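J.: Questions regarding the structure given below will be posed in turn.
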Amino acid sequence: MKIVITIASILMLSLSASYVSAQDDVFVSRTRGCTINPGYTMADVVETARNFEWSEDMAPGIVVFRQGIAVAGNNAQGFDFISDFIYPSYTDMFEKRGAFFRSQADRTGRRGLDGVATCNENVWISNIRPAIPPDQRTGGSPSPLAPVATTLCELNGATVDDAVALANRFRESVGARGAGVISRRFGGPRRPVNSAVAMRFFFSSFADFGAGMDQFNQNSGGANPETPISCSTATLSRSYLIHSRNN
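So, in structure tokens, the structure goes:
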């Protein structure tokens with residue numbers, strides 16, 4: 001299925017799209033903070049989640065868990081890991097969630113993470129705009145474990161499209177395989193709409209991340225005087241691929 005290949009390739013490998021017309025390619029994520037239950041480890045969580053059987057009528061396009069390695073500020077919020085459920089559109093998300101809610105009356109006992117972790121019921125729903133031109137997209141399978149760097153950026157009067165263009169330039173500077181700009185739409189702390197975004201950069205491996213940072217340190221020209229956008233210290237995480245529709 002074409003949409004399946006697009007979801008897996010774009011979201012986990014390159015988040016490919018034209019950053020000139022970002023509104024034409026916007027994905028949606030449901031994000032929850034989760035805590036590992038006593039007696040279990042992140043390895044237990046990942047194994048349990050990967051063994052979960054997703055029915056076609058309820059499965060997100062991609063499910064990833066992010067566990068902090070070096071967390072900036074208070075972004076951890078007391079959670080052990082962050083779960084992202086990513087869909088190609090709001091229509092797809094609410095169709096899948098509707099099927100999930102209708103199935104609840106028929107379920108008994110434990111489900112999902114099966115007691116190894118507890119996730120916050122207060123979700124954040126965000127738009128994800130890819131930040132890499134379509135002619136630079138890459139193929140292959142998503143990495144089961146890879147580094148991801150995320151930074152929060154204040155727009156300071158710039159637009160989300162400006163942020164997408166800036167993220168693409170930074171992606172090139174660090175040699176990231178993919179990048180995306182996340183703008184929250186529902187949930188989380190109150191703040192003016194489109195006043196801030198998160199930029200997320202995906203790497204194929206930790207070796208590639210290390211090489212990219214060395215490249216950036218050698219070639220960095222400092223702040224970009226042409227943009228009012230200001231970004232904070234980034235958070236580095238392990239990203240575990242849990243599910244994709246083409247698996």
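In the working numbering, the protein residues as written are 1 to 247. In this text, a Cβ means the ideal position worked out from N, Cα and C, and glycines have one as well. The structure displayed is predicted, hence computed values, not measured ones.
What are the boundary residues of the alpha helix (DSSP H) that includes Q67?
T.: Not the alpha helix (DSSP H): Q67 falls in the beta strand (DSSP E), residues 62 to 70.
J.: Decide yes or no for the touch test of the segment 173 to 191 against the segment 226 to 238: beta carbon pairs closer than 8 angstroms, at least 3 of them.
T.: At 8 angstroms Cβ cutoff, the stretches do not touch.
J.: In chain order, what residues of the same chain lie with their CB nearer than 7 angstroms to the CB of G109, ignoring the 5 residues before and after it?
T.: With a pLDDT of only 48 at G109, under the threshold of 50, the placement of this residue in the model should not be trusted; the figure read from the coordinates follows. Result list for G109: empty, nothing under 7 angstroms.
J.: Going by DSSP, what residues sit across from S103 in a beta bridge?
T.: Per DSSP, none; premise fails for S103.
J.: Could you give the distance in angstroms between the alpha-carbon of T6 and the alpha-carbon of S244?
T.: Here the model assigns T6 a pLDDT of 40, short of 50, so the residue's position is not dependable and the matter cannot be decided.
J.: Looking only at C-alpha atoms, which of S232, P189, D135 sits nearest to G73?
T.: The residue with the shortest Cα to Cα distance from G73 is S232.
J.: Across which residues does DSSP place F203 in a beta bridge pair?
T.: Looking at the DSSP assignment, F203 forms no beta bridge with any residue, so it has no partner.
J.: Taking 7 angstroms as the cut-off, decide whether the C-beta atoms of G187 and F202 are in contact.
T.: No, these two residues do not count as a Cβ contact at 7 angstroms.
J.: DSSP three-state label for P88, please.
T.: In this structure, P88 counts as coil in the three-state DSSP scheme.
J.: Tell whether a beta-carbon distance below 7 angstroms holds between R50 and F85.
T.: For R50 and F85, no; Cβs fall outside 7 angstroms.
J.: Could you check where the alpha helix (DSSP H) with R169 kicks off and where it finishes?
T.: Run containing R169: 160 to 174, per the alpha helix (DSSP H) assignment.
J.: Can you find the residues in the same chain that come closer than 8 angstroms, C-beta to C-beta, to V116, ignoring five residues on each side of it along the sequence?
T.: I36, N37, Y40, D44, V45, T48, listed in sequence order.
J.: Start and end of the beta strand (DSSP E) containing E226?
T.: It is not in any beta strand (DSSP E) - E226 carries neither H nor E in the DSSP assignment.
J.: Within 10 Å of its beta-carbon, does P130 have 16 or more other beta-carbons around it, so buried, or fewer, so exposed?
T.: The residue in question, P130, is buried, as its Cβ has 16 or more Cβ neighbours within 10 Å.
J.: Check each candidate in F81, N168, I125 and name the one with the smallest Cα separation from Q136.
T.: With distances taken between Cα atoms, Q136 lies closest to N168.
J.: Give the DSSP-derived three-state secondary structure of G210 in the structure shown.
T.: Correct three-state label for G210: helix.
J.: Can you tell me where the beta strand (DSSP E) holding E56 begins and where it ends?
T.: Run containing E56: none; DSSP gives neither H nor E here.
J.: For A149, I'd like the list of residues in its chain whose CB is within less than 6 angstroms of its CB, leaving aside the five on either flank, ordered along the chain.
T.: F201, A234, L236.
J.: Can you list, in chain order, the residues of its chain with a C-beta nearer than 6 angstroms to that of F216? Leave out the 5 residues immediately preceding and following it.
T.: Within the same chain, F216 has close Cβ partners S173, V174.
J.: Using the Cα positions of G212 and R97, report the straight-line distance between them to the nearest angstrom.
T.: Near 38 angstroms, if we compare the C-alpha coordinates of R97 and G212.
J.: Specify, as a first and last residue, the run of the beta strand (DSSP E) that R238 falls within.
T.: Start and end: 235 to 244.
J.: Sort out for me which residues DSSP pairs V46 with in a bridge.
T.: In the DSSP output, where bridge partners are listed per residue, V46 has none listed.
J.: For the beta strand (DSSP E) containing L145, list its first residue and its last residue.
T.: Residues 145 to 154.
J.: My output table needs one value for F79: the three-state DSSP class, helix, strand or coil.
T.: In this structure, F79 counts as coil in the three-state DSSP scheme.
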